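K.L.:
So the number in our numbering is just where the residue sits in the sequence shown, counting from 1, plus 30.
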Amino acid sequence: MSFRLRVILICIFMAVVVAISYWYMQITTGRVEEEVVETWRLRDHLLAVSFCNDTAGWVVGQYGTILATTDGGKKWSYQNSGTNRDLVGVYAVSPEVVWAVGHGGTVIKTADGGASWKKVTTGMRYLFNDVKFPSPQEGWIVGQYEIILHTTDGGGNWEKVHGGEPAALDISQLKEGELVAEDFGQEEEVHTLNSIYFLNPQTGWTVGEYGTILHTTDGGKTWTKLKSGTEHTLIDVDFLDQNFGFAVGLDNTILKTTDGGSSWTAESPYKKTHYYGITFRRGGPDIIRKDAFAVGQGIIAYYAFLKKPYLQNWMAPTEMKLNIEYNWLYKVKFITRTGEEAIAVGEDGMILRAATGGYSWEMMDYPAKTVEQVLANN
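(1) For Leu-209, count the other beta carbons within 10 Å of its own beta carbon; 16 or more makes it buried, fewer makes it exposed. Which is it?
(2) Quick one: Cα of Ala-130 to Cα of Gly-291, how far?
(3) Can you determine whether any heavy atom of the ligand GTP sits closer than 6 Å to the C-beta of Lys-104, and answer yes or no?
(4) Quick check: Val-161 and Gly-119, are their CB atoms within less than 7 Å of each other?
(5) Just the Cα atoms here: how many angstroms apart are Ser-124 and Leu-179?
(6) Restricting to Cα atoms, I'd like to know which of Ala-374, Lys-320, Ile-138, Glu-126 is closest to Ser-111.
(7) Find the nearest neighbour of Asn-353 within the set Tyr-175, Ser-390, Gly-134, Leu-157, judged by alpha-carbon distance.
(8) Taking DSSP as the reference, what is the three-state secondary structure of Gly-369?
(9) Anyone know if the C-beta pair for Trp-235 and His-245 falls short of 7 Å?
(10) Report yes if the CB atom of Thr-113 is closer than 7 Å to the CB atom of Thr-95, and no otherwise.
(11) I need the straight-line Cα distance from Thr-303 to Gly-328, nearest angstrom please.
(12) Please give me, in chain order, every unbroken run of the beta strand (DSSP E) with length at least 3 that falls completely inside the region 164 to 193.
(13) Applying the 10 Å Cβ sphere with the 16-neighbour rule, what's the burial state of Pro-231?
(14) Which one or two residues does DSSP pair with Lys-363 in a beta bridge?
(15) According to DSSP, simplified to helix, strand and coil, what is Asp-266?
(16) Considering only residues of the region 76 to 100, which uninterrupted beta strand (DSSP E) runs meet the minimum length of 3 residues and lie entirely inside it, listed in chain order?
(17) Report the residue from Phe-228, Trp-147, Lys-255, Tyr-156 whose alpha carbon sits nearest the alpha carbon of Gly-169.
(18) Would you mind sorting Asn-159 into buried or exposed? The rule is 16 or more other CB atoms within 10 Å of its CB.
(19) Along the beta strand (DSSP E) that carries Phe-310, what are the first and last residues, could you check?
(20) Using the C-alpha atoms, what's the distance from Thr-295 back to Asp-289?
(21) Thinking C-alpha only, which one of Glu-377, Gly-388, Leu-264 is nearest Lys-320?
(22) Quick one: give me the first and last residue of the beta strand (DSSP E) that His-245 is part of.
(23) Along the chain, where does the beta strand (DSSP E) that runs through Ser-225 open and close?
(24) Tell me whether Ser-80 is buried or exposed, calling it buried when 16 or more other Cβ atoms sit within 10 Å of its Cβ.
(25) Hey, Lys-363 and Thr-309 are a contact pair by Cβ (cut 8 Å); roughly how many whole angstroms apart?
(26) Buried or exposed for Gly-173, going by 16 or more other Cβ atoms inside 10 Å?
(27) Taking only the alpha-carbon atoms, compute the straight-line gap between Gly-186 and Lys-149 and give it to the nearest angstrom.
(28) Please report the distance separating the alpha-carbon of Gly-143 from that of Val-127.
(29) Can you look up Phe-214 in the DSSP assignment and give me helix, strand or coil?
(30) Measuring only the C-alpha atoms, how far is Thr-247 from Thr-233?
(31) Out of Pro-397, Ala-385, Asp-378, Met-393, which one is the CA nearest neighbour of Gln-92?
(32) Could you work out which residue in Thr-152, Tyr-175, Asp-183 is closest to Pro-164 when comparing CA atoms only?
(33) With DSSP as the reference, please indicate the residues paired to Arg-73 in a beta bridge.
(34) Return the first residue and the last residue of the beta strand (DSSP E) that Phe-158 is part of.
Shown next as structure tokens:
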């Protein structure tokens, strides 16, 4: 080996040692550059999104991840949830009050816009999948065993109004979707509700496993099981008005109703995949096309809500500007009264934003974590 080559190798070795030492010093002193932090497991799956107005919104996901935005979803920052449980549902009541729910009976709330999050006790350890507040005082949580919880005092107290585990079942020992529970010698199926939507304080729907659809017209006092026509798991539901709505789920499932859920018909999706989220392009009277948008495995599809029935079908946005064929998207929501801006979230921290009524989407930057934020929920 030549002298020159030896010198070069020694220099390279010393440079590597210095770089590692500097990196370790940054870690131990808490001064970690974003480029270093990004090599850690930081891009957790994002599972739900909610906006309370045109600018303030929250996203939740795996390991207690909470992201917040104050500019309509262009930039996002971390908030310390105080939990490492997966958060599956979120609802923003106002710029200050936000609720999130998730695994292990997790219910958390902020009353200061996310500066601090506090755990809320319901006395139940179910898997919670969704939370909605039709009004600041009245809220709903749905989850495992067709559980439906209701509050009328802004979340101070929660009451079970439907569902619950069999009497002899220890739910802390079960995982989502297991079929176990022996109750006096009887085996019972484990059902889970995944999403709930209220059109107004009296009228609501919730969907879940095995094609389950429940409907209330009396503010949740009673729930009626509707015939969905499918045994596929339904993940999300949304209604444009008291008659027209969609429910989406696994195995290419998109169901449509035009009579408030009394009957459902299977739609032919633009792409055969699992569908996880559905939303309508709502807004003021100026919005003519209140199209529906569905997201799933590698797809954003929209239902062209046109006047001619034969033109109403599912198609893909024409200007995606990015390839998401191999990415999973879990939820999508419109965030403005004008019906122009929307946010979709998914695996590995994916955040997509539309500013064109949902017909063109772009990728938003995922925020970097400091060491303190990495360790906060662990």
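Ideal Cβ placement from N, Cα and C applies to all residues, glycine included.
What you are looking at is a predicted structure, and each value in this text was computed from that prediction instead of being measured.
P.N.:
Here's the rundown:
(1) The predicted position of Leu-209 is uncertain, since its pLDDT is 36 and thus under 50; a value taken from the coordinates is nonetheless stated next. It is exposed - the Cβ of Leu-209 has fewer than 16 other Cβ atoms within 10 Å.
(2) 27 Å
(3) Only the bare structure without any ligand can be found here, which leaves the ligand GTP out of the picture.
(4) yes
(5) 21 Å
(6) Ile-138
(7) Ser-390
(8) coil
(9) yes
(10) no
(11) 8 Å
(12) 169 to 173, 178 to 181, 189 to 192
(13) exposed
(14) Ile-373
(15) strand
(16) 76 to 81, 87 to 91, 96 to 99
(17) Phe-228
(18) buried
(19) 305 to 310
(20) 11 Å
(21) Gly-388
(22) 243 to 246
(23) 223 to 228
(24) buried
(25) 5 Å
(26) buried
(27) 12 Å
(28) 6 Å
(29) Per-residue confidence for Phe-214 stands at a pLDDT of 35, beneath the threshold of 50, marking its modelled position as unreliable; the derived number appears in the next sentence. Three-state DSSP puts Phe-214 in coil, outside helix and strand.
(30) 5 Å
(31) Asp-378
(32) Asp-183
(33) DSSP, once it has assigned bridges, lists no residue as partnering Arg-73.
(34) 158 to 162
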